[in-house]
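Trainee: The structure is given below, and queries will be raised subsequently.
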Amino acid sequence: MKVKCIMCGKDVEITKLHKDYKKLAANPHAAFVCESCALIVSRQASRGNILEKK
Ligand SMILES: [Zn+2]
0 MKVKCIMCGK DVEITKLHKD YKKLAANPHA AFVCESCALI VSRQASRGNI
50 LEKK
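Read in order, the letters of the sequence shown are residues 0 to 53 in numbering that gives the first Met the number 0.
Here it is as structure tokens:
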């Protein structure tokens with residue numbers, strides 16, 4: 000199944016083994032974040048360093 004990462008817009012092929020497969024199969028519009036973006040997000044979160052520049 001192909002899904003689109005909401006952060007980088009990359010199309011990613013996921014299998015039934017993917018943790019979010021059921022959620023995305025049930026709702027194709029559910030938010031999906033690819034592995035590389037998920038890494039970036041968790042790194043930022045663990046640093047507690049979310050910038051709020053506007
Ligand atoms: Zn991504």
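The beta carbon of each residue, even a glycine, is placed where N, CA and C say it ideally should be.
Quick one: what's isoleucine 10 bridged to in DSSP?
Mentor: Locating residue 10 in the sequence shown gives position 11, counting from the first residue. The displayed chain sequence assigns aspartate, not isoleucine, to residue 10. Per DSSP, Lys3.
Trainee: With DSSP collapsed to three states, give me the class of lysine 21.
Mentor: Position 22 of the sequence shown, counting from 1, holds the residue named residue 21. The answer is helix: DSSP assigns lysine 21 an H, G or I state.
Trainee: Quick one: Cα of leucine 38 to Cα of alanine 30, how far?
Mentor: As a position in the sequence shown, residue 38 is number 39, starting the count at 1. As a position in the sequence shown, residue 30 is number 31, starting the count at 1. Roughly 16 Å between the two C-alpha positions.
Trainee: Measure the CB-CB distance between valine 32 and methionine 0 and report whether it falls below 8 Å.
Mentor: Taking the first residue of the sequence shown as 1, we reach residue 32 at position 33. Taking the first residue of the sequence shown as 1, we reach residue 0 at position 1. No, Cβ-Cβ distance for valine 32 and methionine 0 is not below 8 Å.
Trainee: If you measure from each residue's Cβ to the nearest non-hydrogen atom of ligand 1, which ones come out under 7 Å, in chain order?
Mentor: Listed by chain position, these are Cys4, Met6, Cys7, Lys9, Val32, Cys33, Ser35, Cys36.
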